[in-house]
Each structure stands twice: as structure tokens, then as C-alpha cells.
Amino acid sequence: MTTEEAKRILAAYRPGDQDRVESCFAEALQKIEKDPELARWFAQEREFNRAVAAHLGSVPVPFGLKTRILANVAPRRAMKSRWPTALTAAAVAFLFFALLIGVWRGWSEHFGSLGDYEQEMMSFVKLQPPLEMQSLEMGPIKQWISERKMPLAEIPPGIAAVETMGCRILSFRGKPVTLICFCHGQTVAHLFMVDRAALPALKAGKPPVLSSQADWTIATWADQHYAYMVAVHDRPAAARKYLPHA
62 MTTEEAKRIL
72 AAYRPGDQDR
82 VESCFAEALQ
92 KIEKDPELAR
102 WFAQEREFNR
112 AVAAHLGSVP
122 VPFGLKTRIL
132 ANVAPRRAMK
142 SRWPTALTAA
152 AVAFLFFALL
162 IGVWRGWSEH
172 FGSLGDYEQE
182 MMSFVKLQPP
192 LEMQSLEMGP
202 IKQWISERKM
212 PLAEIPPGIA
222 AVETMGCRIL
232 SFRGKPVTLI
242 CFCHGQTVAH
252 LFMVDRAALP
262 ALKAGKPPVL
272 SSQADWTIAT
282 WADQHYAYMV
292 AVHDRPAAAR
302 KYLPHA
């Protein structure tokens, strides 16, 4: 099975794990374990599907939509089957939601906010995606990233002194994001780097801004070329030592 064939199959994978037992998905799911690129694509696809589902769930049904749909359905004769009407209504509803998803996806691809970025990157960390490259030393990690011409900036001294675990490449609104993972005792820290053009609202030269998500501390800042995000599985006071100007 090729990667493209696996993608076509996995594109039909529903949220949750109910499809995992289906034989038609078994081979494609096995391929994920051996193909880091496919694993990254699948994680991003599932995260996007969850985001779309959450977004659609929060969008109210336009007033009068049902009336407008039914108004465009030709009256049926008394003895005719109800199937044509049902199919027409279903087709119109499908087109409406497809248009809504397309508009929302196009908007999000061009106007991702810092909040979107934090949420999406944290979703990858919480899903514990497999690392594409594993190393306990920074040198091999930098070489791996450089060979692929991915975002690579100067690592803040505080986090550079911590033992590395490895790295992988993610994506945000079509731009590559470099993720490097660190571990210091029981504390896990993740450094994300992306071209600053992906987050124009993040001003260069400002001190890191801290926020929290559950038991994680997040810090974001930027220089002239890159936007940075550090996510530390610890309290803000403990996370500050990993940041520049700490």
C-alpha cells in the first residue's frame, strides 16, 4: 500500500476509535507506525476534523433554512415516492455544509491567530505524536532540521541546556513548524519555531508572554525572523528558566 492509498482510506476515518476494528482500515493504520510523514498527516487531519466539528457545533442554523430548502423542492404527486424529495433536501443540506466548511477552512488558513496556533500546537503535544528524529544531543537534531530546510533559530540558553528527546515537523496554515522536545527530570518542555510571517500579530523584540492551559505553561515571543513558543509541563515559575531574558 502506498502513502497516497493510505491517505485515501484514512480520509474516511471517523473521529474516535470506532473504525480501528474495521478491516478496511487495518493496513492503513499499520502503515502509520512505519511512516512518520503519514503519521503527521493523519494527526493533522484528525485535529482538523475535530476543529471543524466543534466549529459547526457552535454555528446556529440560519433562520428559515429549512423553509428555503423545502420551497425549492417541486411538489410531489400523491402516489410518488418520498425518496426524490428526501434526496434533494439532503443534497442541498450537504452543499450548504460543504460551503460552510470551505469558507471556514479558507478563512482559517489565511488568518490564523496566536490563539489558534497555541491550541493547535498544544493538541499535537497532548496527542503525543511520534518524533521523526530522536536524539539525546542537540547537534544531530540541528543537522536533521537543517538538511530539510525547516525553521531553525538560536535555541534559548535556558532550554538548550536541557537534555533533548528529538524533533518533528508540524504545519500551521501551510507553514512548517519545527518542534524540538526536551526533558529535565520529570519536566517535559517543547520548543516550537515558525516563520514570523505566520503570526504577524506577534511583535518582534517583546518579552515572552505567559499563559496556561490546564497543567501546562505556554510562552510566546518573536524576533525579526521567527515566532517562538515554549510549552512546559509545569508551573509558570518553573517554566521561566527555559525562556530568554528569564
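Read in the numbering used here, the sequence shown has 89 at position 28, and its numbers run on one by one without any break.
Cβ coordinates follow ideal geometry from the N, Cα and C atoms, glycine included.
Starting from the C-beta of Pro297, find all residues in its chain whose C-beta is less than 6 Å away, skip the five residues before and the five after it, and write them out in chain order.
Here residue 297 refers to the residue found at position 236 of the sequence shown. Excluding residues within five positions, the ones whose Cβ falls inside 6 Å are Leu271 and Thr278.
Cα-Cα separation, Val311 to Gly176:
Residue 311 is absent from the structure shown; the chain starts at 62 and stops at 307.
Report the three-state DSSP secondary structure of Tyr287 (helix, strand or coil).
By 1-based counting over the sequence shown, the position of residue 287 is 226. Tyr287 falls in the strand class under three-state DSSP.
Return the chain-ordered list of same chain residues with a C-beta closer than 6 Å to the C-beta of Ala283, the five sequence neighbours on each side being excluded.
Counting from one through the sequence shown, the residue named residue 283 turns up at place 222. These residues qualify, in order along the chain: Arg257, Leu263 and Ala265.
For Trp102, the residue or residues it bridges with in DSSP:
Working through the sequence shown from its first residue, we reach residue 102 at position 41. According to DSSP, Trp102 bridges with nothing at all.
Just tell me which of Arg75, Gly246 and Tyr289 has its CA closest to the CA of Ala299.
Numbered from 1 along the sequence shown, position 238 holds the residue referred to as residue 299. When the alpha-carbon of Ala299 is set against those of Arg75, Gly246 and Tyr289, the nearest one is in Gly246.
With a CB to CB cut of under 6 Å and the five nearest residues on each side skipped, what residues in its chain are close to Pro269?
On the sequence shown, position 208 is the one that residue 269 refers to. Excluding positions up to five away in sequence, the list reads Ala280, Trp282 and Leu304.
Out of Thr248, His286, Cys244 and Ile93, which has the shortest C-alpha to C-alpha gap to Ala322?
Not covered by the structure: residue 322. The range shown for the chain is 62 to 307.
Evaluate Cys85 with the Cβ neighbour count: other Cβ atoms within 10 Å of its Cβ, from every protein chain shown; 16 or more gives buried, anything less gives exposed.
Locating residue 85 in the sequence shown gives position 24, counting from the first residue. That one is exposed.
The beta strand (DSSP E) that contains Ile230, what's its start and end?
To locate residue 230, count along the sequence shown from 1; it is residue 169. Where Ile230 is concerned, the enclosing beta strand (DSSP E) stretches over Glu224 to Phe233.
Count the other C-beta atoms from every protein chain shown that fall within 10 angstroms of the C-beta of Phe109, then say buried if there are 16 or more, exposed otherwise.
For this step, residue 109 is matched to residue 48 along the sequence shown. Taking every protein chain shown into account, the CB of Phe109 has fewer than 16 other CB atoms within 10 angstroms, so this residue is exposed.
Same chain, Cβ closer than 8 Å to Lys267, neighbours up to 5 away in sequence not counted:
As a working mapping, residue 267 is identified with position 206 in the sequence shown. These residues qualify, in order along the chain: Trp282 and Ala283.
Top-ranked residue by Cα proximity to Ala72, from Arg107, Val186 and Gln91:
The count along the sequence shown starts at 1 and reaches residue 72 at position 11. Out of Arg107, Val186 and Gln91, Arg107 has the C-alpha closest to the C-alpha of Ala72.
Closest to Glu198 by C-alpha separation, out of Met211, Met183, Gly227 and Arg209, would be which residue?
The count along the sequence shown starts at 1 and reaches residue 198 at position 137. Looking from the CA of Glu198, the closest CA among Met211, Met183, Gly227 and Arg209 belongs to Gly227.
Is Pro217 buried or exposed, if buried means 16 or more other CB atoms sit within 10 Å of its CB?
The count along the sequence shown starts at 1 and reaches residue 217 at position 156. In this structure Pro217 is buried. Its beta-carbon is surrounded by 16 or more other beta-carbon atoms within 10 angstroms.
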